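*Asks:* To convert, take the position in the sequence shown, counting from 1, and add 11; that gives my numbering.
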Amino acid sequence: MIELKSAEEIGRMAVAGQFVGELLAELNGLAAVGVNLLDLEHHARDRIKQRGAESCYWDYSPSFGRGPFRNVLCLSVNDAVLHGLPHDYVLRDGDLLSIDMALGIDGWVADSALSFVVGTPDPADLKLIEATEVALEAGIAAAQPGGRLDDVSAAIGAVAHSYGYSVNGEFGGHGIGRTMHEAPHVSNDGRPGRGMKLTPGLTIAIEPWLCQSTDKITYDKDGWTIRSADGSRTAHSEHTVAVTPSGPQVLTRRPAS
Numbered sequence: 012m013i014e015l016k017s018a019e020e021i022g023r024m025a026v027a028g029q030f031v032g033e034l035l036a037e038l039n040g041l042a043a044v045g046v047n048l049l050d051l052e053h054h055a056r057d058r059i060k061q062r063g064a065e066s067c068y069w070d071y072s073p074s075f076g077r078g079p080f081r082n083v084l085c086l087s088v089n090d091a092v093l094h095g096l097p098h099d100y101v102l103r104d105g106d107l108l109s110i111d112m113a114l115g116i117d118g119w120v121a122d123s124a125l126s127f128v129v130g131t132p133d134p135a136d137l138k139l140i141e142a143t144e145v146a147l148e149a150g151i152a153a154a155q156p157g158g159r160l161d162d163v164s165a166a167i168g169a170v171a172h173s174y175g176y177s178v179n180g181e182f183g184g185h186g187i188g189r190t191m192h193e194a195p196h197v198s199n200d201g202r203p204g205r206g207m208k209l210t211p212g213l214t215i216a217i218e219p220w221l222c223q224s225t226d227k228i229t230y231d232k233d234g235w236t237i238r239s240a241d242g243s244r245t246a247h248s249e250h251t252v253a254v255t256p257s258g259p260q261v262l263t264r265r266p267a268s
């Protein structure tokens, strides 16, 4: 069942979204060569506790995971793209890091992700990250009232293909609001004009993710971390977006640097 949110409820989601954006910006600034992933995880835990927020990841137990997720961040490095478990790893020069975070404040949830290179960037990595960011903005722009859900999917896929990347269809965006994952599923590729009608009050997480040279994935033995099947680099970008009468409203924008 899809729950449309009132303007007031979207405003409450925006409170959570603002904090998500602020904390992701902090983590981006803290991540550097020589920093341990666990330091980022514990910084986020402290900040979430201070804010009185609740992590959507802690104790998350979907069918594909192995046991409950006992962290507040997904930290995915290089060929890892989704659900990366924070672990004892010190970031190295040139690592491509994706940070994904979802949390709730006063019963309303927001979800966002970003990717960036720590230290010296490889141009190929920057191109990959750019493709996910451009695809995200295209998907957001397509989330217009009166349109169709696959307009969003098609916009994302068109950008990915224009950059020369293929798209995996197993994981994508999703509805969001009172919980992290709600209906509908938002694919990262599709045909325009199809799918449910985009109605004001619909809130979705739009999240393109790409691998450099494959659309196939593998899982680590931990049951969580998803990697490119061929070991190529990966990137992931995400925002929580509300469809409003005047157009899409991004609820998780990060502060301007």
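Backbone N, C-alpha and C fix where the C-beta goes; we use that ideal spot for every residue, glycine too. All of these numbers come straight from a predicted model, not from anything done at the bench.
May I have the straight-line CA-CA distance separating R205 from A64, to the nearest angstrom?
*Replies:* Counting from 1 along the sequence shown, the entry for residue 205 is found at position 194. Counting from 1 along the sequence shown, the entry for residue 64 is found at position 53. So the two alpha carbons sit approximately 37 angstroms from each other.
*Asks:* Going by the CB atoms, is the gap between C85 and G76 shorter than 7 angstroms?
*Replies:* If you number the sequence shown from 1, residue 76 lands on position 65. If you number the sequence shown from 1, residue 85 lands on position 74. Not a contact, by the Cβ cut-off of 7 angstroms.
*Asks:* Does the beta carbon of A36 sit closer than 7 angstroms to a beta carbon anywhere in chain C?
*Replies:* No chain C is part of this structure, which consists of one protein chain only.
*Asks:* Does DSSP classify L160 as helix, strand or coil?
*Replies:* Numbered from its first residue, the sequence shown carries residue 160 at position 149. It is helical.
*Asks:* Does the count of Cβ pairs from the segment 152 to 160 and the segment 195 to 215 closer than 8 angstroms reach three?
*Replies:* yes
*Asks:* Leaving out five residues before and five after D136 in sequence, what residues of the same chain have Cβ atoms less than 7 angstroms from its Cβ?
*Replies:* Reading the sequence shown from its first residue, position 125 is the one you call residue 136. Hits under 7 angstroms: L107, V128, R244.
*Asks:* For V170 versus G184, is the C-beta distance shorter than 7 angstroms?
*Replies:* Here residue 170 is taken as the residue at index 159 of the sequence shown, counted from 1. Here residue 184 is taken as the residue at index 173 of the sequence shown, counted from 1. Not a contact, by the Cβ cut-off of 7 angstroms.
*Asks:* Cβ atoms of V46 and G130: under 7 angstroms apart, would you say?
*Replies:* Indexing the sequence shown from 1 puts residue 130 at position 119. Indexing the sequence shown from 1 puts residue 46 at position 35. Their beta carbons are not under 7 angstroms apart, which means G130 does not touch V46 by this criterion.
*Asks:* Excluding sequence positions up to five away, which residues of its chain have a Cβ less than 6 angstroms from the Cβ of S87?
*Replies:* Here residue 87 corresponds to residue number 76 of the sequence shown, with the count starting at 1. By the criterion of a C-beta distance shorter than 6 angstroms, S87 is surrounded in its chain by G95, S109, once the five residues flanking it on both sides are discounted.
*Asks:* Would you kindly report the start and end of the unbroken alpha helix (DSSP H) that includes L147?
*Replies:* Here residue 147 refers to the residue found at position 136 of the sequence shown. 134 to 152 is the extent of the alpha helix (DSSP H) around L147.
*Asks:* Would E193 and E218 be called neighbours here (beta carbons separated by less than 7 angstroms)?
*Replies:* In the sequence shown, the residue the question calls residue 193 occupies position 182. In the sequence shown, the residue the question calls residue 218 occupies position 207. Taking 7 angstroms as the Cβ cut-off, E193 and E218 do not qualify as a contacting pair.
*Asks:* Between the alpha carbons of D50 and I21, how many angstroms are there, rounded?
*Replies:* For this step, residue 50 is matched to residue 39 along the sequence shown. For this step, residue 21 is matched to residue 10 along the sequence shown. Straight-line Cα distance between these residues: approximately 32 angstroms.
*Asks:* Taking the straight line between their C-alpha atoms, what separation do you get for L93 and T236?
*Replies:* Here residue 93 refers to the residue found at position 82 when the sequence shown is read from its first residue. Here residue 236 refers to the residue found at position 225 when the sequence shown is read from its first residue. Each residue's alpha carbon lies about 6 angstroms from the other.
*Asks:* By a C-beta neighbour count over all protein chains shown, 10 Å radius and 16 as the cutoff for buried, is P256 buried or exposed?
*Replies:* Taking the sequence shown and counting its residues from 1, the one referred to as residue 256 is at position 245. P256 comes out exposed.
*Asks:* Is it buried or exposed for M12, if we count other Cβ within 10 angstroms and need 16 for buried?
*Replies:* In the sequence shown, the residue the question calls residue 12 occupies position 1. Taking all protein chains shown into account, M12 has fewer than 16 neighbouring C-beta atoms within 10 Å of its C-beta and is therefore exposed.
*Asks:* How would you write the range of the alpha helix (DSSP H) that V31 sits in, first residue to last?
*Replies:* Walking along the sequence shown from the start, residue 31 turns up at place 20. Per DSSP, V31 belongs to the alpha helix (DSSP H) from 18 to 41.
*Asks:* Pick from V163, R23, D233, Y176: whose alpha carbon is nearest that of M207?
*Replies:* Within the sequence shown, residue 207 is the residue found at index 196, counting from 1. Cα-wise, what sits closest to M207 is V163.
*Asks:* Apart from the five residues on each side of it in sequence, which residues of its chain come closer than 6 angstroms, Cβ to Cβ, to R264?
*Replies:* Here residue 264 is taken as the residue at index 253 of the sequence shown, counted from 1. Counting only Cβ-Cβ distances below 6 angstroms, and skipping sequence neighbours, we find G32.
*Asks:* Should E19 be labelled buried (16 or more other beta-carbon atoms within 10 Å of its own) or exposed?
*Replies:* If you number the sequence shown from 1, residue 19 lands on position 8. Of the residues assessed, E19 falls on the exposed side of the cut-off, its CB having fewer than 16 other CB atoms within 10 angstroms.
*Asks:* May I ask you to list the residues that DSSP assigns as paired with A124?
*Replies:* Position 113 of the sequence shown, counting from 1, holds the residue named residue 124. Answer by DSSP bridge pairing, in chain order: D111, E249.
*Asks:* For Q223, I'd like the list of residues in its chain whose CB is within less than 8 angstroms of its CB, leaving aside the five on either flank, ordered along the chain.
*Replies:* Here residue 223 is taken as the residue at index 212 of the sequence shown, counted from 1. A135, L139, Y176, S239, S243, R244, T245.
*Asks:* Within 10 angstroms of its Cβ, does G78 collect 16 or more other Cβ (buried), or is it exposed?
*Replies:* Within the sequence shown, the letter at position 67 stands for residue 78. G78 should be labelled exposed.
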